[in-house]
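Below is one structure, written out as structure tokens; comments come after it.
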Amino acid sequence: MSSDAALRDVSANRLRDIVTQAVCDCLNRGSEPDTGLIHRLRIYERTARQAGLERQTIQVIASGRRLLGDRRDATSI
110 MSSDAALRDV SANRLRDIVT QAVCDCLNRG SEPDTGLIHR LRIYERTARQ
160 AGLERQTIQV IASGRRLLGD RRDATSI
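Per my numbering, residue 110 is the first one in the sequence shown, and the count goes up by one each step.
Right, dumping it as structure tokens:
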């Protein structure tokens, strides 16, 4: 595995962890989802798709958005 691929894997893993933690924190607070968080997740998803990140990373981001109540298509931003 090239160093670029290894870095991309580490970055994708870190991104999944960050998204998961942010969504869980929001859900655990039981408050209305932060519109800023939803907006950031849309950007992350669009960027992950454009960068060709693995499907698992895109799915984690999309699932987080849906859990927060966002049904908008991230690719239309």
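Quick reminder that beta carbons are idealized off the backbone N, C-alpha and C, glycines included.
The model shown is predicted, which means the values in this text are computed figures rather than measured ones.
Please state whether DSSP places Ser172 in a helix, a strand or coil. helix
Exercise. Nearest-angstrom Cα distance between Gly173 and Arg155?
Worked result: 14 Å
Consult DSSP for Leu150 and reduce its assignment to one of helix, strand or coil. helix
Query raised in the report: Roughly how far, in whole angstroms, is the beta-carbon of Val132 from the beta-carbon of Leu162, given that I think they are within contact range, below 8 Å?
Result: About 18 Å separates the two Cβ atoms, so there is no contact after all.
Next on the checklist: What would DSSP say about Gly145, mapped onto helix, strand or coil?
Outcome noted: helix
Chain-order list of residues whose beta-carbon lies under 8 Å from that of Thr166 (same chain, five-residue window excluded): Ala121, Leu124, Arg125, Ala157
Check: Does the beta-carbon distance from Asp182 to Ile147 come in below 7 Å?
Finding: no
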